[in-house]
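Structure, as structure tokens:
Protein chains: 2
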Amino acid sequence: MAISRLDDGKPINTQLIVLLRNRIVQGELLPGAKLSEAKIAADLGVSRQPVREAFIKLADEGLLEIRPQRATVVPKISVPRVMEVRFVREAIEADIVRLAATRFGRAEHGELARIIAAQEGADSVEEFIAEDDRLHRFLAEGVGQGYAWGVVESLKLQLDRVRFLTVRQFPKQSILDHHRAIVAGVVAGNPDRAEQAMRAHLNAINDDLPEIAKSMPELFEDHVGAGGQPDLA
Amino acid sequence: MAISRLDDGKPINTQLIVLLRNRIVQGELLPGAKLSEAKIAADLGVSRQPVREAFIKLADEGLLEIRPQRATVVPKISVPRVMEVRFVREAIEADIVRLAATRFGRAEHGELARIIAAQEGADSVEEFIAEDDRLHRFLAEGVGQGYAWGVVESLKLQLDRVRFLTVRQFPKQSILDHHRAIVAGVVAGNPDRAEQAMRAHLNAINDDLPEIAKSMPELFEDHVGAGGQPDLA
DNA sequence: GCTTGACAACTACCATACCAGTTGCCAGAC
DNA sequence: GTCTGGCAACTGGTATGGTAGTTGTCAAGC
């Protein structure tokens, strides 16, 4: 049941990827949830094959864990993994913003100001997040590194999963301050300032992550012991 | 025919991914080659399903282009795309080597020296490349960024495809000099020197790329026109 | 009560069959 | 000779059936 409207022109597998990805990132499917090709297929009124392909894709993105002949589960959030993903994102966007600081001209500076203004005026969280993405994307595409943004976007999924857990106490003011600092560095044509602002911005999650993990430990992987599950296989 | 030994314990789709990826990266399947799920499946004596999954995975990696109801082809090499991939790799490895320069101790310095020595003594191209990878991987994993190396590894596929075209005039001496400079910066505990050496190393492909593209233009995408194929759909 | 082994109920993986869309060829009309 | 329409031969996408492997349960034996 609950055929969540799968009737676009696009192939079914693609639609399933988007559908399931949203459910996982937005926390509708929580870490630990067990999925099954057959069940999902039956619920959505499609065959198991497209579901399987969606599972594989999401497993590649780190949003699912396929355990053959056992089950497919939404993995618990691994704090060390999140920090590693964040590291990669910071490295990429630091270089991007340096380029922007040296290459952007008046036209791009204007667009940056418009995005900041739109984000200030956003009244819903969804809109705020959309403008957030727009800023980062524009920086990348503006310096001709659209591919890099694609990489960041796939990494970001795992970070967004954490972000959606804290959507209540979403620090809008703090994020806006960070964005203003980044844009200021770019407009000033100062790569060092822009880079530092970007790194500080992306480091913010490190402040929140430990307390988030403590407040809802059932969603996080224990990493107290030396390593993972004591699988005696 | 030609069942290229697919009898490991691993799942068939995984084996197919590795098999096809090697054929593409190593230039056995050249840009422009047209593949077919059915044909590959018949040739290897398996069903179309695992072949299909391998196609999807390789398409994600940029090594195949699936055109529904038309064909699946090995894409021509896009010079701008290669440069964008290279940009991302440089950003990631620059930050990694900075960490290595500040964190590595005597034990890691010894391992770096051993890898350099092994690469100096390599007599086959394959061995040389293997030691090359080992150095980069060790830098990443040594600073606790194994995930970042995974990202680089998937990016590298598209760069390796170019590298294998030039395997004849492979600049071993130049690469070794670069590696020595990187290691020197790390051992000296000088992040700036290490970073600059790494960036210079990874920038080397930019010197060769234009002339490679000119010498074998049939393997490269024309990017003279404003944009891609004039698909009038 | 506790352990153990067989069975039932899952799982993901693979094979096969069918479907819809695209392409290219070729015959017929002009 | 050129153009056009339709059919045949592909393509990848989807549906379904069957198989091997894992897990949990429950009854039989100690």
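As you go down the protein sequences, you meet chains A and B in turn.
Numbering (my numbering) for the first sequence: 207 to 439.
Numbering (my numbering) for the second sequence: 207 to 439.
Glycine included, C-beta positions come from ideal geometry on N, C-alpha and C.
Neighbours of Arg276(A) in chain B, taken as residues at a C-beta separation under 9 Å, are lacking, since the least C-beta distance is about 14 Å. At least one beta carbon of chain B lies nearer than 7 Å to the beta carbon of Ile298(A). For Thr220(B), the enclosing alpha helix (DSSP H) has its first and last residue at Ile218 to Val231.
At least one beta carbon of chain A lies nearer than 7 Å to the beta carbon of Ala354(B). Residues of chain B whose Cβ lies closer than 9 Å to the Cβ of Glu259(A) are, in chain order, Arg258, Glu259 and Ile262. In chain order, Gln351, Tyr353 and Ala354 make up the part of chain A whose C-beta sits under 7 Å from the C-beta of Glu290(B).
Under the Cβ criterion of 7 Å, Phe310(B) is not counted among the residues facing chain A. Pairing Ser360(A) with Glu296(A) gives a Cβ-Cβ distance that is not under 7 Å. Selection Pro237(A), Ala306(A) and Val368(A) evaluated against Leu341(A) yields Ala306(A) as nearest (Cα-Cα).
Of all residues in the segment 387-400 of chain A, none places a beta-carbon less than 9 Å from a beta-carbon of chain B. Looking at Ile388(B), Leu415(B) and Ala394(B), the one whose alpha-carbon comes closest to that of His407(B) is Ile388(B). A contact is defined here as three or more CB-CB pairs under 8 Å, and the segment 306-322 of chain B meets this definition with respect to the segment 397-414 of chain B. Taking a beta-carbon distance threshold of 7 Å, Asp339(B) does not count as an interface residue toward chain A. Taking 7 Å as the cut-off between beta carbons, the residues of the segment 355-369 of chain A near chain B are Val357, in sequence order. Interface with chain B (7 Å Cβ-Cβ cutoff): Val231(A) is excluded. Residues of chain B whose Cβ lies closer than 8 Å to the Cβ of Asp266(A) are, in chain order, Lys263 and Asp266.
For the alpha helix (DSSP H) assignment, the uninterrupted runs of no fewer than 4 residues enclosed by the segment 294-330 of chain B are, from N- to C-terminal side, 312-327.
With contacts defined as CB atoms closer than 7 Å, Ala260(A) and Asn219(A) qualify as a contacting pair. Here the segment 265-280 of chain A does not lie against the segment 332-350 of chain A, with fewer than 3 beta-carbon pairs under 8 Å apart. Looking at the DSSP output, Leu241(A) sits in a beta bridge with Thr278(A). The beta carbon of Leu363(B) sits closer than 8 Å to the beta carbons of Arg227, Val231, Glu267, Gly268 and Leu269 from its chain, once the five residues preceding and following it are set aside; these are given in chain order.
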